[in-house]
Amino acid sequence: MQNLVHVTYDQTGKSKSTNAFGMREMQEKAYEGRTAQYLLLKAPPASGKSRALMFIALDKLQHQGIKKVIVAVPEKSIGASFGTTELKKYGFFTDWNPNPKYNLCTPGEEKSKVTAFLNFLDSEEQILICTHATLRFAFDGLDVKKLDDTLVTIDEFHHVSAEGDNILGQVLKSIMANSNAHIVAMTGSYFRGDSVPVLIPEDEAKFTKVTYTYYQQLNGYEFLKSLGIGYHFYTGKYFKKNTETGISALAEILDENQKTIIHIPSVNSAESSKLKHDEVDHIIDVLGTIEYQDEITGVIHIKSHKTGKILKVADLVQDNPKSRDKISGYLREVKSADDIDIIIALGMAKEGFDWPYCQHALTIGYRGSLTEIIQIIGRATRDSNNKSHAQFTNLIAQPDAENEDVKLSVNNMLKAITASLLMEQVLAPNFKFKLKKDEDEDDDDTDDETTIKIRGFKLPTSQRAKDIIDTDINDLKAKLLQDPQMLKAMPGNVEPEVINTVLIPKIIREIYPDLSDEDVEAVRQYVVVDSVIKNSTIEEQGDKKFIRMAGSFVNIDDIHIDLIDQINPFQKAFEILSKSVTTQVLKLIDEHIQSTKFEMTEDEAILLWPKIKEWVKNNNGEQPNIQAFDHKEKRMAEALVFLRELKRKKALANG
Numbered sequence: 279m280q281n282l283v284h285v286t287y288d289q290t291g292k293s294k295s296t297n298a299f300g301m302r303e304m305q306e307k308a309y310e311g312r313t314a315q316y317l318l319l320k321a322p323p324a325s326g327k328s329r330a331l332m333f334i335a336l337d338k339l340q341h342q343g344i345k346k347v348i349v350a351v352p353e354k355s356i357g358a359s360f361g362t363t364e365l366k367k368y369g370f371f372t373d374w375n376p377n378p379k380y381n382l383c384t385p386g387e388e389k390s391k392v393t394a395f396l397n398f399l400d401s402e403e404q405i406l407i408c409t410h411a412t413l414r415f416a417f418d419g420l421d422v423k424k425l426d427d428t429l430v431t432i433d434e435f436h437h438v439s440a441e442g443d444n445i446l447g448q449v450l451k452s453i454m455a456n457s458n459a460h461i462v463a464m465t466g467s468y469f470r471g472d473s474v475p476v477l478i479p480e481d482e483a484k485f486t487k488v489t490y491t492y493y494q495q496l497n498g499y500e501f502l503k504s505l506g507i508g509y510h511f512y513t514g515k516y517f518k519k520n521t522e523t524g525i526s527a528l529a530e531i532l533d534e535n536q537k538t539i540i541h542i543p544s545v546n547s548a549e550s551s552k553l554k555h556d557e558v559d560h561i562i563d564v565l566g567t568i569e570y571q572d573e574i575t576g577v578i579h580i581k582s583h584k585t586g587k588i589l590k591v592a593d594l595v596q597d598n599p600k601s602r603d604k605i606s607g608y609l610r611e612v613k614s615a616d617d618i619d620i621i622i623a624l625g626m627a628k629e630g631f632d633w634p635y636c637q638h639a640l641t642i643g644y645r646g647s648l649t650e651i652i653q654i655i656g657r658a659t660r661d662s663n664n665k666s667h668a669q670f671t672n673l674i675a676q677p678d679a680e681n682e683d684v685k686l687s688v689n690n691m692l693k694a695i696t697a698s699l700l701m702e703q704v705l706a707p708n709f710k711f712k713l714k715k716d717e718d719e720d721d722d723d724t725d726d727e728t729t730i731k732i733r734g735f736k737l738p739t740s741q742r743a744k745d746i747i748d749t750d751i752n753d754l755k756a757k758l759l760q761d762p763q764m765l766k767a768m769p770g771n772v773e774p775e776v777i778n779t780v781l782i783p784k785i786i787r788e789i790y791p792d793l794s795d796e797d798v799e800a801v802r803q804y805v806v807v808d809s810v811i812k813n814s815t816i817e818e819q820g821d822k823k824f825i826r827m828a829g830s831f832v833n834i835d836d837i838h839i840d841l842i843d844q845i846n847p848f849q850k851a852f853e854i855l856s857k858s859v860t861t862q863v864l865k866l867i868d869e870h871i872q873s874t875k876f877e878m879t880e881d882e883a884i885l886l887w888p889k890i891k892e893w894v895k896n897n898n899g900e901q902p903n904i905q906a907f908d909h910k911e912k913r914m915a916e917a918l919v920f921l922r923e924l925k926r927k928k929a930l931a932n933g
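Following my numbering, the numbering of the sequence shown begins with 279 at its first residue and continues without gaps.
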């Protein structure tokens, strides 16, 4: 299997080292924003967001007039991350000591938890930990003014949505509008699976943003050296044996020597058999034969077919709550890599789940949410002395021409590939881009090796545009990659200039309608340049640096924005895809794209006109054929038809 993404890191140890207050790099950065009334912390899994919140909350209680702290998490198991924590012995001024009575992430009915929540507001206690659900239920009928002088923390903030029927979003909006409460919002990913924003722009603008990147986190590790993201495509069902090889798609990819979390597909997905327990049985059959199941821990002991060694397997798919709580409790207490080998899960073991020894996150079936993919990858990217490489593999069914859901399958495959494109952008090192001035102009000599200067590069003029570039660039890329028109254009059947100078600015205007045309262009250029550079390789020859971009090898001092605009920033993954699937599957993908191609626009047609003239010149005066098999020739022919019709309409309008 070929990885679509492979990133190596420097193992600097920087993200794990602590300062005089016991804070890691990310926590120190977050603490600098502690005085903000509304703080949005975007940092990857395992960067220490829960402890960062403790530092901030304790400062607000001690020095900022805040009387109470409420921490809301999406599910009960994550509440354990906010339990009693010693901070003073590492240099901080006090410890985090919540009263267990007000840790509501425990078994029990919701009604009693709502009562406890309301009692907390009238008590002398300072810290309460609850689920998002408890916060929502308690808010029903609550006088919002009772939250004055309170810090409300929402963990995994991507669960919030600006959509009208998202109750958590309504709760947040009401707190902001009707109380003086402070808010800390934390997330490992700000991307949602749909196109609905987490916050409306007016509310989002009120938040001070602290962003700590995936690259900063992984580059600063001690043990983890590399991360791979790959896709394995199969036909039929992943648990059915291939008639040629005699083994299933799962058996081909599952390595018992890797500490692995296997997420089986949702029962509502096309990849699922609808019989989740049968799928668990298949995974066990691939591994070996059951010796016994420990009655105390719930761990299944399996004798390997291949090696004869005993594998320890956790089944989190089972429906029995007591059995599931038993094995979940065991997993929370895991202290050694030898304690568990394989975890099989469905909806669990994603966000907030901590198994540092995990080396491989194997996900079966397409995942529509970029957030979910990032969360799953995060299970394998903890730093641990048992691994130098972490791997995410997505096992996906190839589209089948005989299947009535072929269009859905094609869409799923394309969306899966775009998720890998986004992750490559998220995981790569960050660069700074500046305008390269003429030789007779003064230039800034304070730049480091991460700064690249580009001729013709436009800089933002407003603070809003600067903030988008500084803190939201990956969020914007996620929205671009989820746009239906962009999805159809990325495989290379549309000219790169059309993608870069027509489609991307159009989407930016829709997302940020408050930006001026100048700032739309500045943000557009930054997105395109950042995407192209991160997909390229930089090489040194003598005292000069060269950059290899989509087949071009250019002196880094000679880069111009016009050159970058001629490169499709998202084509790399599709080139790899073309080597990973059959010709028939590629044909299905192509046919689907052609059948749903977006309409021609005047901007695209005008942009293609010079190419049409060049094509005619190079083909002895012949015009491009609208029936051509070549996508680009066909698109030029369509542009020619469009321009003729446009000319005819203008002539009629002018009499």
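We put the CB at the ideal spot given by N, CA and C, even for glycine.
Give the straight-line distance between the Cα atoms of residue i and residue j, rounded to the nearest whole angstrom.
i, j, result
"residue 637", "residue 283", "16 angstroms"
"residue 445", "residue 414", "7 angstroms"
"residue 881", "residue 922", "14 angstroms"
"residue 798", "residue 514", "45 angstroms"
"residue 642", "residue 696", "17 angstroms"
"residue 402", "residue 379", "13 angstroms"
"residue 508", "residue 652", "14 angstroms"
"residue 294", "residue 917", "55 angstroms"
"residue 766", "residue 427", "50 angstroms"
"residue 574", "residue 635", "22 angstroms"
"residue 602", "residue 454", "38 angstroms"
"residue 842", "residue 931", "38 angstroms"
"residue 796", "residue 422", "42 angstroms"
So, for residue i: in the same chain, excluding its five sequence neighbours on each side, which residues have a beta-carbon less than 7 angstroms away from its beta-carbon?
i, result
"residue 772", "913"
"residue 956", "Nothing about residue 956 can be reported from this structure: the residues present for the chain run from 279 to 933 only."
"residue 866", "677, 679, 684, 688"
"residue 412", "382, 388, 391, 392, 395"
"residue 329", "305, 363"
"residue 863", "676, 677"
When burial is assigned at 16 or more other CB atoms within 10 Å of the CB, is residue i buried or exposed?
i, result
"residue 672", "buried"
"residue 384", "exposed"
"residue 526", "buried"
"residue 762", "exposed"
"residue 354", "buried"
"residue 529", "buried"
"residue 490", "buried"
"residue 356", "buried"
"residue 545", "exposed"
"residue 430", "buried"
"residue 331", "buried"
Starting from the C-beta of residue i, find all residues in its chain whose C-beta is less than 8 angstroms away, skip the five residues before and the five after it, and write them out in chain order.
i, result
"residue 789", "754, 757"
"residue 291", "498, 499, 500"
"residue 706", "285, 493, 812"
"residue 333", "299, 301, 305, 308, 309, 312, 365, 370"
Mind checking whether the beta-carbon of residue i lies closer than 7 angstroms to any heavy atom of the ligand FAD?
i, result
"residue 292", "Inclusion of the ligand FAD in the displayed structure is not the case, the ligand content being empty and no account of it being possible."
Where do the N-terminal and C-terminal ends of the beta strand (DSSP E) with residue i fall, by residue?
i, result
"residue 642", "638 to 642"
"residue 712", "710 to 713"
"residue 668", "667 to 675"
"residue 286", "281 to 286"
"residue 838", "Looking at the DSSP string, residue 838 is not in any beta strand (DSSP E), and its letter there is neither H nor E."
"residue 731", "729 to 732"
"residue 623", "620 to 623"
"residue 917", "Premise fails: residue 917 lies in the alpha helix (DSSP H), 909 to 931, not in any beta strand (DSSP E)."
"residue 511", "504 to 512"
List the endpoints of the continuous alpha helix (DSSP H) containing residue i.
i, result
"residue 809", "795 to 812"
"residue 456", "445 to 456"
"residue 756", "751 to 760"
"residue 493", "492 to 497"
"residue 816", "First-last for residue 816: 815 to 819, but that is the beta strand (DSSP E), not the alpha helix (DSSP H)."
"residue 894", "880 to 896"
"residue 826", "Note, residue 826: premise wrong, no alpha helix (DSSP H); beta strand (DSSP E) at 822 to 827."
"residue 685", "684 to 705"
"residue 782", "782 to 789"
Going by beta carbon distance, what residues of the same chain come within less than 6 angstroms of residue i, once the five residues before and after it are set aside?
i, result
"residue 315", "460"
"residue 911", "902"
"residue 346", "404, 428"
Going along the chain, which unbroken runs of the alpha helix (DSSP H) with 4 or more residues stay wholly within the region 321 to 408?
-> 327 to 341, 388 to 399
Would you mind listing the beta strand (DSSP E) stretches within the region 518 to 604 that are 3+ residues and don't spill past its ends, in chain order?
-> Positions of the beta strand (DSSP E) runs, each at least 3 residues long and wholly inside the region 518 to 604, are given as 538 to 541, 566 to 571, 578 to 582, 588 to 593 in order along the chain.
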